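*Asks:*
Residue numbers (the working numbering): 3 to 741.
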């Protein structure tokens, strides 16, 4: 063995560079797959047995084999992930109603029945009919939400991008406010407990401090995945909604006449009655009872449609009982001028039960925040797929790909929520901005759903659906605009900022794609063959690896081609263009190679499961070893020690190519701004260098000009040199030299 070889082998003892094992699955992964197969087999056996028990059994078997399947575990997760936001509405809806009507002294039976009627039919029409029965039947590979809906109908008209972007931006803006308002309002409920009242009275900022701590902890646990969080929260939500139903039934007592409010006439009469002191703004209060409906649709991919169908009847009944219980309490205390600034939700409970109610409401506030956070992850992921937002690192903490975690979004949401708390201080001021943006999302979702139904040949139903729901939600929007000057401006500002990011990223992507070109093998092989054999040029590296988003195997991006020949040509023993795809299966590890009939140009596509760590350097070394073993890649030997401690593979340099705008480009001011903002956002969002573990290997990040149409500047005019001017200049230079 040569001295150099021994030195290289000794170098391996000083580094622990990542290497791939001989196995394709770890022991934990094999156990997880085996457990999953056993569960699927047991489920199949149970379904087979059920199908033998008549039509009902066959229906159940068919359901469990479809996307509407129901499992007890995921049903509990659905409770924790989906219903938190709508479950906190009873905390403040009736209280807001009393404030708008001037307190218990100014309400009567028609007013209470009118409120209950409006709330009942809003939940029935908006949440149950629009979202549960209609919207949730429309999914894009199991995913819900406004962006998934847009993806299904985008080919029907370019104008559809306007409501889709606007609705998505409004939803994300509301995701910032929901944790702040729900958790702060719940924490402030601790003030009603006599045991804690002195502490809150002595320290006015105590509730704000507790809220901040809870919010920070909530965002910190997001990386563990919504399945784990959902199972814990699901049990709490089950107790919470059971508590809502029981307290409502107890307060209804034996007076079931309160259910007269189910008649919609009561709601319409009160809305336009002179006794309605809030006027049309009462609909802004009623809207609070439906604020979790959009999150329900966007979170469908996390828990499955069937589990939401299975749990919604229980949620709906519990909400109705609680609202009607609060209505019965208000009727018993109508005209009582001594009770000022009361919250019917807590007041209808006995003092002993109130302790439980406050503790559960704090937990429900946390869970409400969780529903919007998981919905935001889904929305951003879908926006990325539409090229409306930058590509971000996505993690999948559980076996279900729909349950994802985006670190950058998590940090941004956390910081923005804390900023909201710092600006508004308490729930009273935050609630002034809450809900306005969500009315915009609901209106745009109605438009997109109507378009989908229209092109699915349900045109009569689409027309009726559009007219009914656009009327109701426009009424909600007009009523909610009364909040604009009291804090709603902040929500609209957030919506505008998020919309600006989407528009500029979309425009910038279109401009870049108009310039992007690809080369066939016949175009790039001659030049690369000549460079490969040109011994006058030293090797830049033995292997040059380019990461590309283009997954097509039989072509090469011109960015890679011109990077190789830019400035000093990057000669190498082998050039590699590598793309990485994430599959829908958790543990996929496979690759494909196209060599274009050469032993120095390789197009590699690596496919990794969403649960697999994307350690690209280790996989690249495996591919190189595999091709070297088959003779497709000529043998390479390192003469000197390397960080990767691999003497059988030559040096490897990773190169990433970014684009920049040229000053001469023919662009409007808006297009130029879009590109500049896109590149600024890309810088903040992070780089694949970090995601793929390339940073320790000193990758090269190159910038190439974006050759959109350019202006031809006028020619320079050559002028003769004036000799007198030259002598004068020479004399001046000499004088300067002497000085």
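For every residue, glycine included, the Cβ atom is placed at its ideal position computed from N, Cα and C.
Bear in mind the structure is a predicted one, so any value in this text is a computation, not a measurement.
So within the region 530 to 569, which uninterrupted alpha helix (DSSP H) runs reach at least 4 residues, ignoring any that extend past its ends?
*Replies:* Runs of the alpha helix (DSSP H) inside the region 530 to 569: 560 to 567.
*Asks:* Which of the three DSSP states is assigned to residue 195 in this structure?
*Replies:* In this structure, residue 195 counts as coil in the three-state DSSP scheme.
*Asks:* DSSP on residue 736, reduced to helix/strand/coil?
*Replies:* Confidence in residue 736 is poor, its pLDDT being 47 and thus under 50, which makes the residue's placement unreliable; the coordinate value appears in the next sentence. The answer is helix: DSSP assigns residue 736 an H, G or I state.
*Asks:* For residue 662, is the classification buried or exposed, using 16 other Cβ atoms within 10 angstroms of its Cβ as the cut-off for buried?
*Replies:* The residue in question, residue 662, is exposed, as its Cβ has fewer than 16 Cβ neighbours within 10 Å.
*Asks:* Smallest Cα separation from residue 500: which of 142, 82 and 679?
*Replies:* It is 679.
*Asks:* Go through its chain and collect everything with a Cβ distance to residue 246's Cβ below 8 Å, but skip five positions before and after it.
*Replies:* Cβ within range, chain order: 89, 92, 320, 321, 323 and 324.
*Asks:* For residue 725, which residues of its own chain have a beta-carbon under 6 Å away from its beta-carbon, when the five flanking residues on both sides are left out?
*Replies:* Here the set comprises nothing.
*Asks:* Rounded C-beta distance between residue 371 and residue 185? I'm assuming under 8 Å.
*Replies:* Sure, about 6 Å apart at Cβ, within 8 Å.
*Asks:* State the start and end residues of the unbroken beta strand (DSSP E) segment that holds residue 577.
*Replies:* It spans 573 to 585 - the beta strand (DSSP E) in which residue 577 sits, taken as one unbroken run.
*Asks:* Consult DSSP for residue 349 and reduce its assignment to one of helix, strand or coil.
*Replies:* The answer is helix: DSSP assigns residue 349 an H, G or I state.
*Asks:* Use the C-beta contact count for residue 215: other C-beta atoms within 10 angstroms, 16 or more gives buried, fewer gives exposed.
*Replies:* Per the 10 Å Cβ criterion, exposed.
*Asks:* Anyone know if the C-beta pair for residue 591 and residue 541 falls short of 7 Å?
*Replies:* Contact flag unset, no.
*Asks:* Given a cut-off of 7 Å on the beta-carbon distance, is the pair residue 344 and residue 121 in contact?
*Replies:* Not in contact: residue 344 and residue 121 (Cβ atoms no closer than 7 Å).
*Asks:* Determine the closest residue to residue 577 out of 533, 554 and 297, with distance taken between C-alpha atoms.
*Replies:* Minimum Cα distance to residue 577 is reached at 533.
*Asks:* By how many angstroms is the C-alpha of residue 96 removed from the C-alpha of residue 105?
*Replies:* Rounded to the nearest angstrom, the two C-alpha atoms are 11 Å apart.
*Asks:* With distances taken from CA atoms, which of 580, 701, 498 and 306 is nearest residue 71?
*Replies:* Comparing Cα positions, the closest option is 306.
*Asks:* Within 10 angstroms of the Cβ of residue 537, are there 16 or more other Cβ atoms? Answer buried if so, exposed if not.
*Replies:* The residue is exposed, with fewer than 16 neighbouring Cβ atoms inside 10 Å.
*Asks:* Is it buried or exposed, residue 258, if we count other Cβ atoms within 10 angstroms and call 16 or more buried?
*Replies:* Exposed, because fewer than 16 other Cβ atoms sit within 10 Å of the Cβ of residue 258.
*Asks:* What residue does the beta strand (DSSP E) around residue 706 start on, and which one ends it?
*Replies:* Counting along the chain, the beta strand (DSSP E) containing residue 706 begins and ends at 702 to 708.
*Asks:* By a C-beta neighbour count over all protein chains shown, 10 Å radius and 16 as the cutoff for buried, is residue 224 buried or exposed?
*Replies:* Buried: at least 16 other Cβ atoms inside 10 Å.
*Asks:* Taking the DSSP output, what are the residues bridged to residue 1?
*Replies:* What is shown of the chain runs 3 to 741, which leaves residue 1 out entirely.
*Asks:* Residue 593 lies in the beta strand (DSSP E); which residues open and close that run?
*Replies:* That run of the beta strand (DSSP E) goes 591 to 596.
*Asks:* How would you label residue 416, buried or exposed, when you count the other beta carbons within 10 angstroms and need 16 or more for buried?
*Replies:* When all chains shown are included, residue 416 counts as buried.
*Asks:* Whole angstroms are fine: how far does the CA of residue 715 sit from the CA of residue 159?
*Replies:* Each residue's Cα considered, the two are about 39 Å apart.
*Asks:* What runs of the alpha helix (DSSP H), each 4 residues or longer, lie entirely inside the region 228 to 294?
*Replies:* Runs of the alpha helix (DSSP H) inside the region 228 to 294: 228 to 254, 266 to 273 and 284 to 289.
*Asks:* Reducing DSSP to helix, strand and coil, say where residue 741 ends up.
*Replies:* Annotation note: pLDDT 42 at residue 741 (below 50); position unreliable, no value reported.
*Asks:* Measuring CA to CA, which of 284, 354, 616 and 73 is closest to residue 113?
*Replies:* Nearest of 284, 354, 616 and 73 to residue 113, Cα basis: 284.
*Asks:* State the Cα-Cα distance for the pair residue 280 and residue 76, rounded to the nearest angstrom.
*Replies:* Between residue 280 and residue 76, the C-alpha separation is close to 42 Å.
*Asks:* From residue 260 to residue 128, what does the alpha carbon distance come to, in whole angstroms?
*Replies:* Their Cα atoms are separated by approximately 22 Å.
*Asks:* Measure the C-alpha to C-alpha separation of residue 619 and residue 392 and round it to an integer number of angstroms.
*Replies:* Distance between the alpha carbons of residue 619 and residue 392: 24 Å.
*Asks:* Does the distance from the C-beta atom of residue 377 to that of residue 300 stay below 7 Å?
*Replies:* Yes, the Cβ-Cβ distance between residue 377 and residue 300 is below 7 Å.
*Asks:* Leaving out the 5 sequence neighbours to the left and right, which residues in its chain are closer than 7 Å to residue 521 when beta-carbon positions are compared?
*Replies:* Here the set comprises 557, 558, 560 and 563.
*Asks:* Let me confirm a value: residue 276 is counted as buried when at least 16 other C-beta atoms fall within 10 Å, else exposed. Which label applies?
*Replies:* Label assigned to residue 276: exposed.
*Asks:* Pull up the distance between the alpha-carbon of residue 503 and that of residue 389, whole angstroms please.
*Replies:* When rounded, the distance between both Cα atoms is 11 Å.
*Asks:* Run through the DSSP bridge pairs and tell me what residue 459 is partnered with.
*Replies:* Per DSSP, none; premise fails for residue 459.
*Asks:* Look up residue 731 in the DSSP assignment and say whether it is helix, strand or coil.
*Replies:* Caution applies to residue 731, whose pLDDT of 48 falls short of 50 and renders its modelled position unreliable; the value that the coordinates give is listed next. Of the three classes helix, strand and coil, the one that applies to residue 731 here is helix, per DSSP.
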